[in-house]
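Structure record follows, encoded as structure tokens.
Numbering (this note's numbering), first residue to last: 1 to 109.
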């Protein structure tokens, strides 16, 4: 299903970004202790960008989960309608057979 594929892709991206986010937090902690090297403003810019991407992916994941939930509900509703329609068709078929039997019986009597 298209939504399941999209959900899987978003979930994988989310996992990768969590890993990168964790690495940035470790780097930030090392910087705070004076161990890390590199430009502070560049690191902060990367963190802000990463946080934006993480927020976007979280929203996308929530939307995908909501879509999946709605599609599952729709599927159940349609299955229920199908079962009702099949029962009605079966009942109508039974009535038709009964009427035919009555007609044949009345012709022979």
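Note that beta-carbon positions come from the ideal geometry of N, C-alpha and C, so glycine has one too.
This one's a predicted model, so the numbers in the text were calculated from it and none came from an experiment.
The beta carbons of residue 10 and residue 61 sit closer together than 9 Å. With a cutoff of 9 Å on beta-carbon distance, residue 24 and residue 53 are scored as not near each other.
With respect to the 9 Å criterion, residue 64 and residue 6 are classified as neighbours on the basis of their beta carbons. Contact between residue 20 and residue 50 holds, with the beta-carbon distance rounding to 6 Å and staying under 8 Å.
Closest by C-alpha distance to residue 29, out of 47, 13, 14, is 47. Excluding residues up to 5 positions away in sequence, 57 lie with their Cβ nearer than 8 Å to the Cβ of residue 13 in the same chain. C-alpha of residue 27 to C-alpha of residue 80: approximately 55 Å in a straight line.
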